[in-house]
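First to last, the sequence lines map onto chains A and B. Here our numbering runs 85 ahead of the position in the first sequence, where the first position is 1. Here our numbering runs 27 ahead of the position in the second sequence, where the first position is 1. Glycine is no exception: its CB is placed at the ideal position from the N, C-alpha and C atoms.
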Amino acid sequence: MTALTIDRINKRYGNLHILKDISVSIAQGEFVSLLGPSGCGKTTTLRCIAGFERPDSGRILFGERDVTRALPEHRDIGMVFQSYALFPHMTVAENLSFGLEVRKVVPAERKRRITEVLSMVRLQGYEARFPRELSGGQQQRVALARALVIEPSVLLLDEPLANLDATLRDEMRFFIRDLQQRVGITSIYVTHDQSEAIVMSDKIVVMNSGVISQFGTPRDIYERPASQTVAGFIGRSNTIVGKVSEALGPDSYKIETLCGTIGTHGPGGLVNGTDVRVMIRPENIRTRRHGEAANTSTSDENVLGGSVVSATYQGNGTQLKVRLASGDEMVVDVSGRNPMAVGEEVALRFAPRDAWLLAS
Amino acid sequence: MSATEAAPRIETPTIGIGKVGPVWMVLPALVLLIGFFALPYLTIITMSLREASTRAVYGEGFTLAHYTTALGDFYIWGILGRTLLMGAIVTIVTLLLGYPVAYHLANSRSRWTSLLYIFVLSPLLVGLVVRTFAWMIILSNNGVANKALMALGLINFPLQLMNNPVGVTIALTHVFLPFVILPLLGNLQAISPDLAMASRSLGASRMRTFLKVTLPLSLPGIQAGTILVFVLSISAYVTPAMLGGTGGRTMSVLVVQYLVDNFRWPAGAALAIIMAAVAVIFVGLYLKLTARAMRRLP
Chain A
86 MTALTIDRIN
96 KRYGNLHILK
106 DISVSIAQGE
116 FVSLLGPSGC
126 GKTTTLRCIA
136 GFERPDSGRI
146 LFGERDVTRA
156 LPEHRDIGMV
166 FQSYALFPHM
176 TVAENLSFGL
186 EVRKVVPAER
196 KRRITEVLSM
206 VRLQGYEARF
216 PRELSGGQQQ
226 RVALARALVI
236 EPSVLLLDEP
246 LANLDATLRD
256 EMRFFIRDLQ
266 QRVGITSIYV
276 THDQSEAIVM
286 SDKIVVMNSG
296 VISQFGTPRD
306 IYERPASQTV
316 AGFIGRSNTI
326 VGKVSEALGP
336 DSYKIETLCG
346 TIGTHGPGGL
356 VNGTDVRVMI
366 RPENIRTRRH
376 GEAANTSTSD
386 ENVLGGSVVS
396 ATYQGNGTQL
406 KVRLASGDEM
416 VVDVSGRNPM
426 AVGEEVALRF
436 APRDAWLLAS
Chain B
28 MSATEAAPRI
38 ETPTIGIGKV
48 GPVWMVLPAL
58 VLLIGFFALP
68 YLTIITMSLR
78 EASTRAVYGE
88 GFTLAHYTTA
98 LGDFYIWGIL
108 GRTLLMGAIV
118 TIVTLLLGYP
128 VAYHLANSRS
138 RWTSLLYIFV
148 LSPLLVGLVV
158 RTFAWMIILS
168 NNGVANKALM
178 ALGLINFPLQ
188 LMNNPVGVTI
198 ALTHVFLPFV
208 ILPLLGNLQA
218 ISPDLAMASR
228 SLGASRMRTF
238 LKVTLPLSLP
248 GIQAGTILVF
258 VLSISAYVTP
268 AMLGGTGGRT
278 MSVLVVQYLV
288 DNFRWPAGAA
298 LAIIMAAVAV
308 IFVGLYLKLT
318 ARAMRRLP
């Protein structure tokens with residue numbers, strides 16, 4: 086069932102076209118991230134959903150209900166802010182009670198629900214505290230509880246973890262995701278942190294300059310990015326330019342490049358001669374010393390020769406930069422101890438299924 | 028390492044006042060405060076306790092007579108009451124007029140905002156006497172206000188807008204409006220707009236959001252602004268002296284009359300001290316009252 090539909094919304098501020106025909110449809114209980122660099126329109130999209138911005142055109146539906154023109158207070162949303170936005174003059178219990186009082190929930194029921202939601206966010210016994218007496222992580226959990234206690238139809242989160250330190254942020258990702266799944270609430274999560282989006286989301290909307298670059302599962306977006314922009318924004322990637330020389334199947338191709346022919350997979354329907362970029366993730370490339378026996382190599386594996394330009398120790402492995410014959414530089418992750426030295430000749434190996442085509 | 032050790036050591040420049048620095052820096056203000064505030068007050072207090080004299084500013088002996096006379100005089104009580112009442116009215120009216128302006132300025136992102144700033148500050152840009160003369164032109168019996176009202180047929184006879192508390196109140200409200208707007212503006216600007224959004228997202232209307240979130244959080248600004256306006260209003264001299272006549276006479280006008288016209292320096296000093304004491308008591312009570320309302324604020 087569709088919980089939220091965004092139907093071709095546009096938003097302009099003067100000459101700036103902030104949102105260009107944004108359309109997304111989100112199923113009941115899904116966790117969807119809006120991901121993109123700052124200024125891409127993700128926060129404006131969230132504010133349109135919340136009702137703090139009104140799109141110039143297009144519609145927003147909650148289920149079957151058209152809320153495009155509804156005020157925020159009539160939309161039945163829960164919202165969590167980067168700044169937490171807890172009312173500083175109210176205790177934790179009063180903050181949680183605020184939305185329930187508006188909804189005219191009777192005191193006994195209010196108390197029951199506040200106790201219940203506080204135990205969900207593991208803050209039992211904090212009812213009488215003021216927000217200033219809590220740590221950042223605790224404040225954000227109260228903010229989450231305040232948004233959930235009113236049992237809204239959609240939960241909106243605007244970079245809720247951006248103000249927390251790295252360790253706490255990692256913890257909170259799982260905490261929020263776990264809570265969201267237990268409650269089963271449809272959630273929209275705005276972030277510029279790609280790893281956050283990948284770890285937490287059912288689906289990700291990648292946005293760039295007011296348009297949706299790609300909408301798909303984290304796996305789709307990481308392994309089969311729709312464009313160079315998406316590939317560059319999500320994780321690290323290497324690209325080699327080339328031309329389609331032969332279609333081997335519906336989604337596998339042979340690509341002619343300056344370093345020879347490479348077997349890849351890619352979106353269907355590419356005709357011979359199309360200019361493309363081959364994207365390979367650093368962690369999918371294995372290395373072999375020049376002249377070493379290719380004992381584990383399978384017949385269709387791609388092999389590119391090059392020389393090591395730099396080797397950077399990173400604790401859990403080493404990052405190599407390898408210059409190919411074509412002059413392209415490839416970033417490669419090597420695990421374990423690194424025997425490769427700068428200047429050494431290496432062979433880079435990767436399977437065709439780990440190489441993905443981007444339109445050039 | 029050896030290379031850095033070989034390089035000449037650069038001394039980090041330090042400010043040569045050492046640990047006494049902060050104390051030293053307070054001195055100029057302290058001197059000013061003692062010289063221009065504490066000493067004059069002491070002089071006035073001493074003067075108020077001296078016997079009256081016809082040959083000098085005050086006589087030799089000490090007496091409490093000026094206080095007992097003043098406090099036993101219904102006329103003075105009346106003027107004191109009027110002064111405080113006018114102060115209270117000016118304070119309330121400036122708050123009611125100023126709050127919406129401050130709220131708008133704090134939330135507006137329009138480029139006309141800077142123009143509004145100029146409007147807000149405009150009463151302070153014109154000299155006090157000139158501004159009061161302007162009000163005389165507007166408020167006198169055949170002034171702009173009365174002529175306009177009569178031309179519109181709303182009144183048949185000119186309203187008495189001057190030489191009474193009404194004129195003083197109107198003019199003081201105009202002058203002191205910026206003093207309530209500016210502290211409030213600073214306060215309102217410091218409140219994160221996320222709080223109002225959070226309130227709306229929880230289902231609260233604009234009005235409920237204002238009453239439950241914005242208003243309580245702006246109490247410090249209200250407190251600061253109202254105290255400023257109240258203290259300035261009850262101690263104003265030029266405006267009540269020029270616009271008040273006898274009907275709108277305030278304590279400060281009375282004090283100056285004692286000192287300058289009647290040459291009763293000790294009695295006038297006693298009146299000034301009574302006025303100051305009453306102001307301190309009122310502001311103290313007000314602080315206590317508002318502190319209760321603000322006890323939940325950070």
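Environment of residue i [buried if 16+ CB atoms lie within 10 Å]
i	result
Leu-69 (chain B)	exposed
Asp-263 (chain A)	exposed
Val-280 (chain B)	buried
Ile-103 (chain A)	buried
Asp-385 (chain A)	exposed
His-159 (chain A)	exposed
Asp-439 (chain A)	buried
Met-86 (chain A)	exposed
Ser-118 (chain A)	buried
Ala-193 (chain A)	exposed
Thr-130 (chain A)	buried
Trp-162 (chain B)	buried
Ile-164 (chain B)	exposed
Tyr-98 (chain A)	exposed
Arg-136 (chain B)	exposed
Lys-315 (chain B)	exposed
Trp-51 (chain B)	exposed
Met-234 (chain B)	exposed
Cβ pair residue i, residue j closer than 8 Å
i	j	result
Gly-221 (chain A)	Leu-249 (chain A)	yes
Leu-199 (chain B)	Thr-253 (chain B)	no
Thr-346 (chain A)	Ile-325 (chain A)	no
Leu-215 (chain B)	Gly-180 (chain B)	no
Ile-107 (chain A)	Ile-145 (chain A)	no
Ile-208 (chain B)	Ala-133 (chain B)	no
Val-275 (chain A)	Thr-128 (chain A)	yes
Arg-408 (chain A)	Gly-428 (chain A)	no
Phe-147 (chain A)	Val-239 (chain A)	yes
Val-419 (chain A)	Gly-402 (chain A)	yes
Contacts that residue i makes with chain B (C-beta to C-beta distance below 7 Å)
i	result
Phe-435 (chain A)	Within chain B, no residue comes near Phe-435 (chain A); the closest Cβ sits about 44 Å away, beyond 7 Å.
Gly-184 (chain A)	Leu-229, Gly-230
Pro-157 (chain A)	Arg-227, Ser-228
Phe-137 (chain A)	Met-224
Arg-188 (chain A)	Gly-230
Arg-217 (chain A)	Pro-325
is_contact[residue i, chain B] using C-beta, thresh 8 Å
i	result
Ala-444 (chain A)	no
Met-257 (chain A)	no
Gly-221 (chain A)	no
Arg-97 (chain A)	no
Met-164 (chain A)	yes
Ile-134 (chain A)	no
Ala-170 (chain A)	yes
Ile-235 (chain A)	yes
Arg-207 (chain A)	no
Contacts of residue i in chain A (Cβ-Cβ under 8 Å)
i	result
Ser-245 (chain B)	Residues of chain A passing the Cβ test: none, with the nearest at roughly 11 Å.
Test: residue i CB closer than 8 Å to a CB of chain A
i	result
Met-224 (chain B)	yes
Ser-219 (chain B)	yes
Arg-235 (chain B)	yes
Val-84 (chain B)	no
Within chain A, the residues that residue i reaches when beta carbons sit closer than 9 Å
i	result
Leu-324 (chain B)	Pro-173, His-174
Glu-319 (chain B)	According to the sequence provided, residue 319 (chain B) is Arg. The question's Glu does not apply to it. What Arg-319 (chain B) touches in chain A: nothing, since even the nearest Cβ is about 13 Å away.
The ligand GDP heavy atom lying under 7 Å from the CB of residue i
i	result
Leu-229 (chain A)	Of ligands this structure carries none, so the ligand GDP is not represented either.
Chain A residues whose Cβ lies nearer than 7 Å to that of residue i
i	result
Val-240 (chain B)	Phe-172
Complete runs of the beta strand (DSSP E) confined to the region 207 to 262 of chain A [at least 3 residues]: 239 to 243
Contained beta strand (DSSP E) runs [length at least 3] in the region 119 to 173 of chain A, N- to C-terminal order: 142 to 147, 162 to 165
3 or more residues per run - each beta strand (DSSP E) lying fully within the region 265 to 313 of chain A: 271 to 276, 288 to 293, 296 to 301
Complete alpha helix (DSSP H) runs within the region 186 to 214 of chain B (minimum length 4 residues, chain order): none
Length at least 4, wholly inside the region 257 to 293 of chain B: the alpha helix (DSSP H) runs in chain order: 265 to 270, 278 to 283
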